[in-house]
Amino acid sequence: MEVILDRRLMQDDWRGLNEGAQDNKVNPSRFILLPEKRDAAGQTKGAICYPSTLAHLLSSHLHNPLQVAVMTHTNGIFETQVRFQNETWPCSCKLLNLRNLGTGNTSSLKALLVVHRVGLDCSYSQIYTDCNNEEKVNLNVFGGVQIKMAAETTLTGVQELTPLNDLKLQLNDMEIKTVKLTYR
């Protein structure tokens, strides 16, 4: 199958009609065609159309490919597996950003965490069932780090809105929230 992407609709080079592009370059792209059948019992009518869990996970793997670092000279012992989290988050939640709030050369015990929950359509037959679908996101899952306090903030992190005493963040579909974390 050959897919043609028309770049002139997005990037007009002012050459006009019937003038061929002189600077065409090969753009390697990856696509996945995923035919899915909707469960008859779960069909709903509405204006919003969300992807299935499998479609979301495949899209996430396409947009965020695995980055492999190869080392030629190793003098020490390296871990074969390093876990950033002790437990999994819900499949519909993505960590958009985690940044330290230290300024300049000073380190800080505070960080901003930006989380996004995508909308999923559950009326498709679930092929991928090994998925955590909890409503709340547990913030106390980072390995080796203990969180003293968490507070929901504005998206920029400037103003604190509500404290999260149970260290769990409630997110609705298609919502982005920022949390200020204070470490021990």
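According to the numbering used here, the sequence shown holds residues 445 to 628 in order. We put the CB at the ideal spot given by N, CA and C, even for glycine. Keep in mind the model is a prediction, meaning the values are calculated, not measured.
Euclidean distance between Cα positions of residue i and residue j
| i | j | result |
| --- | --- | --- |
| Leu453 | Arg474 | Caution applies to Leu453, whose pLDDT of 49 falls short of 50 and renders its modelled position unreliable; the value that the coordinates give is listed next. Going by the C-alpha atoms only, they are around 20 Å apart. |
| Gln570 | Leu498 | 8 Å |
| Leu605 | Arg482 | 40 Å |
| Leu611 | Leu478 | 37 Å |
| Lys624 | Ser551 | 15 Å |
| Gln614 | Arg543 | 21 Å |
| Leu506 | Glu596 | 30 Å |
| Asn471 | Leu502 | 21 Å |
| Leu510 | Leu557 | 22 Å |
| Ile476 | Thr547 | 42 Å |
| Val579 | Thr516 | The sequence as given places Glu at residue 579; Val does not occur at that position. Using only the alpha carbons, I get a separation of about 44 Å. |
| Gly601 | Pro534 | 23 Å |
| Asn616 | Ala513 | 36 Å |
| Pro495 | Arg527 | 28 Å |
Cross-strand partners of residue i (DSSP beta bridge)
| i | result |
| --- | --- |
| Ile649 | Because residue 649 is not part of the residues shown, which for the chain are 445 to 628, the question remains open. |
| Lys554 | Thr626 |
| Val589 | BP columns for Val589 are empty, so no partner. |
| Tyr568 | Arg482 |
| Arg474 | Partner(s): none; Arg474 has no beta bridge. |
| Cys537 | Arg561 |
| Glu596 | Thr606 and Val623 |
| Gln614 | Lys580 |
| Gln529 | Phe586 |
Residue nearest to residue i in terms of C-alpha spacing, selected from the options
| i | options | result |
| --- | --- | --- |
| Leu564 | Gln614, Leu605, Thr547 and Asn577 | Asn577 |
| Ala594 | His505, Arg628, Cys566 and Ala499 | Arg628 |
| Ser567 | Ile476, Asn471 and Glu480 | Glu480 |
| Cys493 | Leu608, Val562, Gly601 and Asn609 | Val562 |
| Leu608 | His500, Val581 and Gln529 | Val581 |
Beta-carbon contacts of residue i that lie in its chain and below 6 Å, excluding the five residues immediately before and after
| i | result |
| --- | --- |
| Thr532 | Asn576 |
| His560 | Lys538, Leu540 and Ile620 |
| Asn584 | Ile591 and Leu611 |
Cβ-based neighbour list, residue i, same chain, cut-off 7 Å, excluding 5 preceding and 5 following
| i | result |
| --- | --- |
| Lys592 | Thr626, Tyr627 and Arg628 |
| Gln603 | Thr597 |
| Leu599 | Ile620 and Thr622 |
| Leu553 | Thr626 and Tyr627 |
Proximity test, Cβ basis, 8 Å: residue i and chain D
| i | result |
| --- | --- |
| Asn541 | Of the protein chains in the structure, only one exists, and it is not chain D. |
Beta-carbon proximity list for residue i, same chain, < 8 Å, skipping 5 on both sides
| i | result |
| --- | --- |
| Gln529 | Val585, Phe586 and Gly587 |
| Leu545 | Ser552, Lys554, Ala555, Leu556, Gly601 and Lys624 |
| Ser536 | Thr497, His500, Arg561, Val562, Gly563, Leu564, Asn577 and Asp617 |
Touching by the beta-carbon criterion (3+ pairs, under 8 Å), the segment 580 to 592 and the segment 504 to 520: no
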